[in-house]
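S.K.: Can you keep this structure in mind? I'll have questions shortly.
Here it is in structure tokens:
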């Protein structure tokens with residue numbers, strides 16, 4: 001089946017720890033995105049990538065980093081510089097930046 | 113800047129019709145999306161409007177008026193499973209945007225028996 005997978009479903013982070021969220025797609029999509037969702041807030045764009053080995057900051061990139069070494073994969077690292085990381089993180093992909101986005105199931109990150 | 117407004121919460125009765133409104137003020141316009149999101153799950157694509165008018169897809173319809181900066185999602189014959197959050201997202205081209213949709217805060221719809 002084609003789709004977008006995210007792992008893990010739940011992730012716990014200790015103070016001062018970096019954690020990496022996985023996002024994989026087998027839809028052959030060129031563009032991939034990371035969003036953060038907080039209660040009562042809309043989806044906010046963290047980073048996006050239009051092609052392999054290229055990515056751009058979104059609206060709230062501080063405290064996050066990404067890589068795009070393969071077309072299928074777009075991992076997000078939440079660094080210790082991100083002071084309020086507790087949120088629901090959603091990965092999405094689209095054929096191109098002007099095409100409809102399709103979302104993965106999300107990862108809920110909690111701080112211990 | 114981009115500004116998208118939706119009601120925070122709506123309630124409706126099973127079998128009824130509900131209209132969820134979305135107004136937007138954006139730097140340019142290149143399409144409006146509606147997504148459905150059940151609690152703790154991924155948003156799923158419902159509809160896309162780029163021209164004025166009504167798009168019907170089964171029990172769901174979406175309307176767009178570009179001159180008014182206004183859209184609505186119409187849900188007919190409501191079912192309990194329609195209880196979810198409905199997200200409005202607007203895409204704007206450069207230079208004001210990047211073609212990446214900006215999302216509203218979502219409307220939580222509660223359907224009761």
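Residue numbers (our numbering), protein chains in the order written: chain Z, 1 to 112; chain C, 113 to 225. Note that beta-carbon positions come from the ideal geometry of N, C-alpha and C, so glycine has one too. Keep in mind the model is a prediction, meaning the values are calculated, not measured.
In three-state DSSP terms, what is residue 194(C)?
M.R.: Residue 194(C) falls in the helix class under three-state DSSP.
S.K.: Alpha carbon to alpha carbon, how far is residue 104(Z) from residue 36(Z)?
M.R.: Roughly 12 angstroms separates the two Cα atoms.
S.K.: Between which two residues does the beta strand (DSSP E) containing residue 12(Z) stretch?
M.R.: First-last of the beta strand (DSSP E) with residue 12(Z): 10-13.
S.K.: Quick one: which residues of the segment 31-46 of chain Z get their C-beta closer than 9 angstroms to a C-beta of chain C? List them in chain order.
M.R.: Cβ contacts with chain C: 31, 33, 35, 37, 40, 41, 42, 43, 44 and 45.
S.K.: Does residue 150(C) pass the burial test, meaning 16 or more other C-beta atoms within 10 Å, or should it be called exposed?
M.R.: It counts as exposed.
S.K.: Specify the secondary structure class of residue 20(Z) as computed by DSSP and reduced to three states.
M.R.: It is a strand residue.
S.K.: Would you kindly report the start and end of the unbroken beta strand (DSSP E) that includes residue 132(C)?
M.R.: Looking at the DSSP string, the run of the beta strand (DSSP E) that includes residue 132(C) is 130-137.
S.K.: For residue 19(Z), is the classification buried or exposed, using 16 other Cβ atoms within 10 angstroms of its Cβ as the cut-off for buried?
M.R.: Counting Cβ neighbours within 10 Å, residue 19(Z) comes out buried, since at least 16 surround it.
S.K.: Along the chain, which unbroken stretches of the beta strand (DSSP E) at least 3 residues long are found entirely within the segment 132-191 of chain C?
M.R.: DSSP runs (the beta strand (DSSP E)) wholly in the segment 132-191 of chain C: 144-149, 156-161, 165-169, 172-177 and 182-187.
S.K.: Can you tell which of 221(C), 222(C) and 213(C) has the C-alpha that lies nearest to the C-alpha of residue 115(C)?
M.R.: The option with the nearest alpha carbon to residue 115(C) is 213(C).
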